[in-house]
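The structure under discussion appears below in the form of structure tokens.
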Amino acid sequence: VCQAGGGGLRICPGCDILYLSVFHPIEKGVFLMPQVIVKGISREKTAALAPRIAETVASIIAVPEEWIVVEHNEVAFFRGGKADARSAMVVIQWKQRPKELQEKVAKALADLLLAEGSRPVEIIYQNLDMDDFYEYKGE
Numbered sequence: 012v013c014q015a016g017g018g019g020l021r022i023c024p025g026c027d028i029l030y031l032s033v034f035h036p037i038e039k040g041v042f043l044m045p046q047v048i049v050k051g052i053s054r055e056k057t058a059a060l061a062p063r064i065a066e067t068v069a070s071i072i073a074v075p076e077e078w079i080v081v082e083h084n085e086v087a088f089f090r091g092g093k094a095d096a097r098s099a100m101v102v103i104q105w106k107q108r109p110k111e112l113q114e115k116v117a118k119a120l121a122d123l124l125l126a127e128g129s130r131p132v133e134i135i136y137q138n139l140d141m142d143d144f145y146e147y148k149g150e
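Following the working numbering, the numbering of the sequence shown begins with 12 at its first residue and continues without gaps.
So, in structure tokens, the structure goes:
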């Protein structure tokens, strides 16, 4: 379980994942919605883009920015058996929203990463069944 704690940009010492919580601290076991998982770009670039990612997603889906968690996931992509350092992937875990909002978020995030030099940019949605979602805020 991640123990990043605190507000703002944090790196969890237990799992080495970068989190952004704009206003409220991320408590042990808390999974804010939606979660935007960024893969294929550097931790530094993710950290620099995290506030814009949170602002972009929040404004499109009309939720408070503090609901958005940006996670950096260190991966390496290979295409045709060769390292591909320019690819980026964004996985968005959220409760299902209308297709129109999904497309707007995907386009906005793709534009953001394309402007930073990523090619290609892939956006994947994981729609969560909220009956299978649990959040524990602790003490």
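We put the beta carbon where it would ideally sit given N, CA and C, even for glycine.
From the DSSP output, read off the bridge partner residues of residue i.
i      : result
VAL86  : VAL86 pairs with nothing; no bridge assigned.
VAL132 : ALA99
With distance defined between alpha-carbon atoms, name the residue in the options nearest to residue i.
i      : options                           : result
ILE72  : LEU120, VAL86 and TYR147          : LEU120
GLU85  : PRO75, VAL74 and SER98            : SER98
ALA61  : SER70, VAL74 and VAL47            : VAL47
ALA59  : HIS83, PRO45 and VAL74            : HIS83
PRO45  : ARG108, ASP122, ARG130 and ASP142 : ARG108
GLN137 : TYR145, ALA126 and LYS106         : LYS106
ILE64  : VAL116, ARG130 and TYR145         : VAL116
VAL49  : ILE135, VAL74 and MET141          : ILE135
CA-CA distance, residue i and residue j?
i      : j      : result
GLU66  : GLY149 : 27 Å
VAL101 : ILE52  : 10 Å
ILE103 : GLY91  : 26 Å
LYS56  : ASP143 : 33 Å
SER32  : LYS118 : The pLDDT assigned to SER32 is 40, lower than 50, so where the model puts this residue is not dependable; a value taken from the coordinates is nonetheless given after this. One C-alpha to the other measures close to 23 Å.
For residue i, collect the residues of the same chain with a Cβ closer than 8 Å to its Cβ; drop the 5 residues on either side in sequence, then sort them by chain order.
i     : result
ALA94 : ALA87 and PHE88
Whose C-beta lies closer than 6 Å to the C-beta of residue i among residues of the same chain, with five residues either side of it excluded?
i      : result
LEU124 : ALA99 and VAL132
ARG130 : ARG97
MET141 : LYS106
Short of 7 Å in beta carbon distance, which residues of its chain neighbour residue i, apart from the five on each side in sequence? Order them along the chain.
i      : result
VAL68  : PRO45, VAL47, ILE79 and VAL116
LEU139 : GLN104, TRP105 and LYS106
Exercise. Determine, using beta-carbon pairs with one atom in the segment 112 to 128 and one in the segment 74 to 83, whether at least three such pairs fall under 8 Å.
Key: no
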